[in-house]
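One point on numbering: in our numbering, the residue at position 61 of the sequence shown is 462, and numbering is uninterrupted.
In this text, a Cβ means the ideal position worked out from N, Cα and C, and glycines have one as well.
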Amino acid sequence: MWSVSPPRFATARCTSWTSKSRRKARPLEPAAPTSHHRTRASSRRMFSPQVELAITTMLEAHKLRRRKAGRAFEATHALAVGMIVGDFGFGEQTVVAAILHDTLEDTTLHRDVIRDRFGARVLAIVEDVTEPPRTVHWRPRKESYISRLRQSPGNDARAVASADKIHNLSSMATGLETEGTGFADVFSAGLEDMVWYQRQVHEMLSEAWTHPILDEHGRELDRFLVAARDAR
402 MWSVSPPRFA TARCTSWTSK SRRKARPLEP AAPTSHHRTR ASSRRMFSPQ VELAITTMLE
462 AHKLRRRKAG RAFEATHALA VGMIVGDFGF GEQTVVAAIL HDTLEDTTLH RDVIRDRFGA
522 RVLAIVEDVT EPPRTVHWRP RKESYISRLR QSPGNDARAV ASADKIHNLS SMATGLETEG
582 TGFADVFSAG LEDMVWYQRQ VHEMLSEAWT HPILDEHGRE LDRFLVAARD AR
């Protein structure tokens, strides 16, 4: 499902669960929630009727379109972003918005479809993570995206944006580590511009909000920055 490789938090949490499961429980103390319990809660969010409808809607919108690097379908990225959001404990509507996050920007899906099927809140989240049309130059388009996220009234859009960047950064870091600067040729901006943009997004999100998802975002950003530096 991952476009290149899963972000490291996925394997790290599995390791954490294994080590915790081997410890003896203290009978006089209440048991803390385990990763297993969190996984079950995440699974419920990921397999509700609304989430299934979101997946169907996303697949119909994206069809078999591939990502810029050409290795994976857009749908794999959308599902990965939804999984990351669910894994960090966000609710059903945020998971649905995460799955649909690129549909307004990259497909012909109309806003009315999202509103009619999933409600005004999901539509608002998707709109807040949607860039202006590509007729706008790259830098102003990215600046507009960051500004809109900063002004978003809640943190749901910021969660979707962070999950989106976690998966993108993981994919880009892996591409740079394996292919060098040639991997960056698939993007509409140069590597230096991508470094600027990814730093700006994480900096803005960290100033506006505090949440564990931003820690994972920061780790993937650091990995990308090292890969970008080494590829130059």
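Just reading off the alpha helix (DSSP H) that residue i is part of, what are its end residues?
i, result
"F625", "P613 to A632"
"G487", "E475 to D488"
"H603", "L592 to A609"
"P450", "P450 to H463"
How many whole angstroms separate the CB atoms of residue i and residue j, which I take to be in contact at a CB cut-off of 8 Å?
i, j, result
"Q601", "K566", "So it is not a contact: roughly 11 Å between Cβ atoms."
"R633", "T575", "Wrong, their Cβ atoms sit about 17 Å apart, outside the cutoff."
With distances taken Cα to Cα, identify the nearest neighbour of residue i among the options.
i, options, result
"G487", "L592, L460 and P613", "P613"
"T509", "V523, I500, M459 and L570", "M459"
"N556", "A632, F491, D623 and F625", "F491"
"R466", "A585, D616, D503 and L615", "D503"
"G520", "L501, E532 and A628", "L501"
"D586", "P541, A558, A629 and G619", "A629"
"E578", "I515, I456, F489 and F625", "F625"
"D537", "M595, D529, E506 and E621", "One point to set straight first is that residue 537 is Val, not Asp, in the sequence displayed. For V537, the nearest C-alpha among the options comes from E506."
"V530", "R522, P541, D517 and Y546", "Y546"
"A558", "V523, E580, I456 and P534", "V523"
"H511", "A462, P534, G483 and P554", "A462"
Any Cβ of chain E within less than 8 Å of the Cβ of residue i?
i, result
"F584", "The question asks about chain E, but that chain is absent: this structure has only one protein chain."
query: Counting Cβ pairs closer than 8 Å, one from the stretch 550-570 and one from the stretch 603-610, do we hit at least three?
result: Yes, the stretch 550-570 touches the stretch 603-610.
query: Taking three-plus beta-carbon pairs below 8 Å as touching, is the stretch 450-459 in contact with the stretch 494-501?
result: Taking a contact to require three or more Cβ pairs closer than 8 Å, the stretch 450-459 and the stretch 494-501 qualify as touching.
- request: Specify whether the stretch 536-551 and the stretch 567-582 touch according to this definition: at least 3 beta carbon pairs, one from each stretch, less than 8 Å apart.
  value: Proximity of the stretch 536-551 to the stretch 567-582 falls short of the contact definition, fewer than three beta-carbon pairs being nearer than 8 Å.
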